[in-house]
Amino acid sequence: MMDIKMEDQKTQTKTTQSLTMVQAINDALKTMLEQDETTILLGEDIGKNGGVFRATEGLQEQFGEDRVIDTPLSESGIVGTSIGLAVNGFKPVCEMQFMGFIYPAYDQIMTHASRLRMKTMGHYSVPMVIRAPYGAGIRAPEIHSDSMESIFTHMPGVKVVCPATPKDAKGLLIAAIEDPDPVIFMEPMRSYRAQREEVPTEKYQLPIGKGEKIKEGDDVTIITWGAMLSVAKQAAEQAESQGIGCDVLDLKTLYPLDRNLIAESVQKTGRAVIVHEAHQTGGLSQDILSVINDTSFLYLRAPIERVTGFDVPVPFFALEDHYLPTAKRVLSSIEKAVHF
Amino acid sequence: MMDIKMEDQKTQTKTTQSLTMVQAINDALKTMLEQDETTILLGEDIGKNGGVFRATEGLQEQFGEDRVIDTPLSESGIVGTSIGLAVNGFKPVCEMQFMGFIYPAYDQIMTHASRLRMKTMGHYSVPMVIRAPYGAGIRAPEIHSDSMESIFTHMPGVKVVCPATPKDAKGLLIAAIEDPDPVIFMEPMRSYRAQREEVPTEKYQLPIGKGEKIKEGDDVTIITWGAMLSVAKQAAEQAESQGIGCDVLDLKTLYPLDRNLIAESVQKTGRAVIVHEAHQTGGLSQDILSVINDTSFLYLRAPIERVTGFDVPVPFFALEDHYLPTAKRVLSSIEKAVHF
Amino acid sequence: MEEQFPIIKVMDDEGKLVDPDVQIDSELVKKLYYHMTRIRLFDRKAISLQRQGRIGTYPPYEGQEAAQVGSVMALNGGDWVFPTYRDHGATLTFGADMVRTFLYWNGRAEGCVPPEGKNIFPAAVPIATQIPHAVGTAWAEKRKGTDHVALVYFGDGATSEGDFHEGLNFASVFQTPTVFFNQNNRYAISVPVEKQMHSKTIAQKGLAYDIPSVRVDGNDVLAVYEETQKAVKRARQGEGPTLIEAVTWRTGAHTTADDPTKYRPEAQGESVVHPLDRLERLMKNENLWDEAWINQVQLELENEVEVAVEAMENYPKANPEDLFDHVFETLPEQLDEQKQSYLDLIGRG
Amino acid sequence: MEEQFPIIKVMDDEGKLVDPDVQIDSELVKKLYYHMTRIRLFDRKAISLQRQGRIGTYPPYEGQEAAQVGSVMALNGGDWVFPTYRDHGATLTFGADMVRTFLYWNGRAEGCVPPEGKNIFPAAVPIATQIPHAVGTAWAEKRKGTDHVALVYFGDGATSEGDFHEGLNFASVFQTPTVFFNQNNRYAISVPVEKQMHSKTIAQKGLAYDIPSVRVDGNDVLAVYEETQKAVKRARQGEGPTLIEAVTWRTGAHTTADDPTKYRPEAQGESVVHPLDRLERLMKNENLWDEAWINQVQLELENEVEVAVEAMENYPKANPEDLFDHVFETLPEQLDEQKQSYLDLIGRG
Ligand SMILES: Cc1ncc(C[n+]2csc(CCOP(=O)(O)OP(=O)(O)O)c2C)c(N)n1
Ligand SMILES: Cc1ncc(C[n+]2csc(CCOP(=O)(O)OP(=O)(O)O)c2C)c(N)n1
Ligand SMILES: [Mg+2]
Ligand SMILES: [Mg+2]
């Protein structure tokens with residue numbers, strides 16, 4: 001991690017450092033541990049080991065076993081006790097070692113974390129973050145590669161966030177920790193070390209609920225997030241070389257959706273290709289489709305295309321490249337939309 | 001339960017009896033317990049007590065404690081041990097007392113029941129049924145009223161079935177038990193005793209994956225299932241009195257969807273209103289929307305309307321009538337679609 | 001194991017002190033009597049309201065008054081209580097509002113809002129899920145350096161759930177000041193404890209975690225009070241969690257929707273002396289039975305309950321706005337749209 | 001509790017019999033030696049293949065050979081084995097195909113398909129989830145009236161999960177013929193057992209369910225074999241489940257992606273005598289060490305492993321069709337469409 005001074009637009013001196021996403025996450029956690037003594041981290045192997053992806057590296061050493069807590073192997077226990085901690089003055093940031101191991105905690109999230117504010121008309125709330133590395137593509141064993149955001153976007157009372165870049169990861173994670181409500185924070189593990197970016201060393205937040213247009217083009221809107229962003233960008237470049245202009249949207253927050261961003265773009269292009277690695281049936285693509293239906297029906301010039309993981313269990317890794325959306329599949333859908 | 005002899009179309013003599021849905025379910029279970037000695041029932045309070053809704057009434061008495069098994073209060077244990085039973089020659093039919101109590105078993109269903117066939121390339125399979133009464137409207141306590149089909153329709157490897165009538169309930173439950181793969185069988189508890197119907201006493205199956213047109217009309221397609229069917233029908237009748245003709249579709253199976261039924265109707269009417277009581281974001285309405293997008297884009301004359309539970313936790317019962325779709329809300333959406 | 005965990009009693013069924021030399025605190029006894037009477041009146045009223053269709057399905061706790069009052073009275077103001085749906089006898093005693101408690105059983109979220117300064121969680125409906133909450137909350141108190149404890153109620157059936165196990169393990173590993181208070185009323189709806197577990201006691205389950213545990217006569221309010229006090233004291237002193245099994249009996253149905261004659265042998269429970277009767281016997285034996293005071297308490301409490309019922313029934317109707325307004329601190333735009341269009345439709349826009 | 005569950009040994013670290021009068025079965029000892037050597041060769045080969053990028057992330061079991069071989073050898077053909085990702089030493093010994101075992105670690109579903117007639121479940125990756133399966137499967141055998149049993153492997157970390165608890169409770173309530181075989185290798189990835197639980201033994205967790213339990217030296221293959229045999233015998237005779245804690249030591253990393261020097265004190269484990277060395281000492285002490293046979297076994301097994309590696313590497317490539325074809329018995333139309341359009345796209349349509 002190299003410290004660099006940079007001049008920003010407002011001619012103010014800011015310090016940044018070149019970080020990978022996993023380093024940016026580490027930096028966000030460190031920032032919050034420093035600045036807010038109620039922030040605590042809980043999870044399996046996050047202490048001495050620094051997390052199986054090194055996201056919490058060095059943090060227990062710096063902040064002690066009391067704030068960076070190795071828990072028993074017990075996801076429901078982690079989330080359940082964190083609910084108690086959150087209600088009673090702390091901001092627990094729980095790590096689920098992989099998203100595929102969040103399922104034992106589903107009950108606690110569904111019946112309590114997401115509902116406690118509603119149940120008590122605001123008397124109790126659960127300001128808690130659940131971090132979960134997700135997604136396929138790193139040759140991990142079974143169950144380590146799931147991308148099940150839909151079971152949380154469908155759950156009222158939780159927000160779901162998923163950054164695609166180091167800078168977004170830090171700003172969104174800090175926002176998630178400071179959010180007064182539970183946030184599922186999905187981390188695209190195959191992007192953990194894919195890219196470095198200048199990330200401000202200071203504490204900053206990015207707004208939950210806001211996406212961003214990453215690339216501008218007139219013919220088709222590509223909507224995606226997380227690890228699929230690079231696949232979408234690749235396909236968009238290939239499309240442009242064929243003269244097809246693409247708007248590429250990075251949603252960043254999966255609930256609540258940035259509907260304006262989607263609507264404005266699709267109203268311009270009249271076509272949309274949605275890309276995600278979760279299974280198609282019940283995937284977030286369906287919700288995005290409904291945003292377009294609701295806001296942009298009369299603008300549509302072709303059926304909306306979806307390029308997603310298939311409706312099959314995420315396979316053992318020998319087949320994962322066939323499971324995951326590829327630039328080729330995205331390009332083929334772009335062409336289908338444009339040539340409808 | 002009254003026994004009646006009826007002449008059917010093929011002039012064959014069939015016996016039917018007038019049953020409520022919960023009786024029809026009881027009858028299906030009894031039929032399978034009689035005809036297939038590998039069928040066993042597991043659940044909380046299903047034995048002496050006959051189930052909190054009486055769905056298993058009399059079955060333990062008739063078939064013994066060994067086949068109608070009161071288990072410990074342990075949903076993950078019920079499903080987890082049933083996976084073992086299913087792999088080793090039995091057909092477990094598990095009752096989750098309410099769908100809101102299925103969450104502790106989500107992990108077992110997601111990481112094993114749904115994947116075991118895939119994992120072993122067909123060497124092991126899990127022919128198992130999970131029955132789950134679902135839905136609001138009966139003034140039940142908290143968590144008793146959830147309708148979370150989407151977390152299962154999004155899960156590759158399981159089928160999801162939801163009957164709306166006594167006759168369908170029996171035929172579909174028998175089909176589910178005889179299905180070689182895991183089936184989530186959702187029972188609309190507020191329809192349990194809402195209606196009686198002549199139900200054949202014999203064993204019969206209705207096809208999983210097939211819906212039915214319940215009512216014919218030219219202007220708009222109303223798509224629904226389970227407890228919302230009666231709400232949809234009510235709204236359709238009110239619409240017809242205004243001269244708006246409605247196709248009303250009962251999907252019956254939520255995965256895999258009967259796409260032809262949906263497409264044919266929407267291609268005729270050009271308009272669709274989807275009604276379900278689950279939350280809108282991530283709800284099955286989004287998948288149906290995508291079926292229409294994929295199959296009937298050029299036929300659409302108005303944006304697709306969705307009338308669903310709101311994106312809020314199912315409330316305590318004093319507010320549940322505000323949460324649930326009503327005929328009024330459906331009618332309003334029908335009008336919106338027609339007057340677009 | 002049963003020998004390792006004998007059922008601790010202070011008085012016998014006849015209200016005789018097991019150890020005649022023990023000094024009893026007459027003020028305490030009167031307080032316990034007062035609260036047990038109070039919650040019994042609430043309970044019986046609630047059953048009758050349900051029968052008249054004036055509230056929803058209701059789970060009575062009759063028979064468990066000693067377990068609930070004896071345990072919760074061992075707590076202080078800053079402590080935390082984690083009830084199930086059957087423990088509003090305890091929460092009422094701890095300071096929950098009676099009107100709101102009725103409202104809860106009428107399907108109102110208002111029933112989950114505790115009085116300011118009273119740390120009472122909403123009743124847990126999914127079995128055993130509250131157990132980890134009580135561990136986390138107690139852990140927070142320990143982290144803050146207070147001497148507050150958390151007491152969590154759960155039934156015999158709850159011990160079969162994974163959350164029971166995970167919660168106790170966390171409490172043991174992090175030595176949180178949590179009191180696990182089990183009411184073994186012998187049934188989980190229709191399932192007798194003999195089918196819930198093969199072990200003869202619930203107390204022995206503490207051995208798995210090296211959590212000290214004790215078995216107490218749950219119908220002996222003094223024994224419950226004493227054993228809970230010991231556990232609370234240990235917790236306050238940083239000596240970690242305790243598991244208490246209070247052996248008791250649910251006199252009535254699981255809920256007003258349940259018919260226990262379907263599954264409970266008729267004679268079972270016949271010999272159980274109701275905890276209030278037992279306390280009455282003790283008070284008579286110990287010359288604490290003051291007929292005038294008893295009558296006055298009875299009248300006062302009947303009146304309190306009547307007034308609460310009236311307040312519940314005159315309570316402003318539930319607002320559909322509340323469906324939306326407490327999902328998040330700030331309503332997301334798309335949810336606000338759902339709210340506005342619904343309010344428009346029903347003419348409240 | 002530690003006194004209640006002493007660690008049972010047949011031999012000491014020097015390979016001396018604890019009870020010198022005991023008769024040992026020399027054929028058995030040779031079989032155990034053979035299998036332990038075989039799976040060690042597999043394990044070391046797999047690590048080296050992973051280092052060369054020829055297979056994926058791999059979890060070594062070195063140090064646990066006695067626990068795995070000793071336990072699984074106590075089973076018969078019709079019995080069931082439920083392994084975790086670290087128990088392919090056991091499954092290989094039980095009859096799993098070596099080529100397919102390599103394939104598994106190369107991301108192939110083929111690795112989960114057991115040979116016909118061998119009841120081996122796919123390795124459970126989500127911790128503790130396999131425990132209820134072993135209970136259900138054993139229950140099925142009991143229902144069918146066979147004397148087959150199910151043996152399930154799990155680690156020290158697994159005891160913290162709810163499924164451990166729910167599984168043991170079911171086994172206890174329904175008295176299923178299940179052997180719960182815990183390998184306490186002192187770590188769950190980086191978390192030492194002292195942070196996993198406050199209790200000093202895992203065996204004591206059986207007390208919660210009245211499940212007989214025993215603590216055995218997991219590096220003493222004869223002790224493991226004997227204690228597992230006893231448990232299996234009890235299960236076959238309808239006497240229900242047993243919990244075995246085999247205290248052992250993971251010599252290497254959690255997986256090839258893990259660096260144990262980050263979290264394990266350097267000296268820890270130094271004094272552990274490797275189970276194969278211990279067995280060698282015993283064999284020498286008992287005059288069972290036949291150098292010629294040893295060398296022959298070594299050569300034979302090295303060859304077996306090499307041949308398996310070659311077969312793995314020459315195995316036909318994974319078919320994209322297999323993504324779709326095993327989700328259901330019959331492919332639903334909409335899934336078939338996904339399949340066809342994907343195959344078209346990649347030119348296999
Ligand atoms: C997770 C879950 N499963 C099932 C139920 C349905 N249910 C409500 S109460 C109950 C029995 C609880 O028994 P116990 O824990 O002994 O408490 P008691 O009712 O006797 O006070 C059951 C099965 C539930 N509420 N939660
Ligand atoms: C439910 C779940 N949570 C987390 C993980 C990640 N994980 C894989 S192995 C492991 C440690 C397991 O330790 P233990 O049970 O002692 O078995 P060992 O690896 O020592 O054989 C963890 C946390 C997982 N596989 N499943
Ligand atoms: Mg009970
Ligand atoms: Mg271990």
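Chains as they are written, first to last, in the UniProt record's numbering: chain W, 1 to 340; chain Y, 1 to 340; chain H, 1 to 349; chain C, 1 to 349.
We put the beta carbon where it would ideally sit given N, CA and C, even for glycine.
Cβ-based neighbour list, residue i, same chain, cut-off 8 Å, excluding 5 preceding and 5 following
i	result
Phe328 (chain H)	Leu335
Leu331 (chain Y)	Ala235, Gln238 and Ala239
Burial state of residue i (16 or more Cβ within 10 Å)
i	result
Pro207 (chain Y)	exposed
Val22 (chain H)	exposed
Val87 (chain W)	buried
Ile222 (chain Y)	buried
Gly60 (chain Y)	Sequence check: residue 60 (chain Y) is Gln here, not Gly. Classification for Gln60 (chain Y): buried.
Ser190 (chain C)	buried
Beta carbon of residue i nearer than 7 Å to that of residue j
i	j	result
Leu279 (chain C)	Val221 (chain C)	yes
Tyr34 (chain C)	Val273 (chain C)	no
Ile143 (chain W)	Gly77 (chain W)	no
Met189 (chain Y)	Gly135 (chain Y)	yes
Asn169 (chain H)	Glu245 (chain H)	no
Ile8 (chain C)	Val216 (chain C)	yes
Pro289 (chain Y)	Gly270 (chain Y)	According to the sequence shown, residue 289 (chain Y) is Leu rather than Pro. Result no, Cβ atoms of Leu289 (chain Y) and Gly270 (chain Y) do not sit closer than 7 Å.
Ala194 (chain W)	Val183 (chain W)	no
Arg67 (chain Y)	Ile40 (chain Y)	yes
Of the listed residues the options, nearest to residue i (C-alpha basis)
i	options	result
Thr308 (chain W)	W:Leu172, W:Ala327, W:Lys48 and W:Tyr106	W:Ala327
Tyr61 (chain C)	C:Tyr85, C:Leu75 and C:Trp80	C:Tyr85
Thr111 (chain Y)	C:Val125, C:Pro114 and C:Thr101	C:Val125
Thr153 (chain Y)	Y:Ala278, Y:Ala164 and Y:Gln195	Y:Ala278
Met155 (chain W)	Y:Thr16, Y:Val312, Y:Pro156 and Y:Ser241	Y:Val312
Glu3 (chain C)	C:Ile202, C:Glu300 and C:Phe324	C:Ile202
Ile151 (chain Y)	Y:Val338, Y:Leu173, Y:Glu216 and Y:Ser114	Y:Ser114
residue 345 (chain Y)	Y:Phe317, Y:Ile274 and Y:Asp294	The structure shown does not extend to residue 345 (chain Y), since chain Y spans only 1 to 340, so no value can be given for it.
Pro303 (chain Y)	W:Phe310, W:Val314, W:Val291 and W:Glu305	W:Val291
Arg131 (chain Y)	Y:Lys167, Y:Ile109, Y:Val93 and Y:Val220	Y:Val93
Asp156 (chain H)	H:Trp249, H:Arg236, H:Asp19 and H:Pro122	H:Trp249
Beta-carbon contacts of residue i that lie in its chain and below 7 Å, excluding the five residues immediately before and after
i	result
Glu14 (chain C)	Arg281
Cross-strand partners of residue i (DSSP beta bridge)
i	result
Gly43 (chain Y)	Y:Asp70 and Y:Glu95
Asp217 (chain H)	H:Val247
Phe181 (chain C)	C:Tyr153 and C:Ile244
Residue i at chain B interface by Cβ criterion, 7 Å
i	result
Ala109 (chain C)	Chain labels in this structure do not include chain B; the protein chains are W, Y, H and C.
Contacting residues, own chain, Cβ-Cβ under 6 Å from residue i (five flanking each side not counted)
i	result
Ala150 (chain C)	Trp80, Ala134, Thr137, Ala138 and Thr178
Gln229 (chain C)	Ala74
Val160 (chain W)	Glu149, Phe152, Thr153, Ile184, Leu254 and Tyr255
Pro260 (chain C)	Ala253
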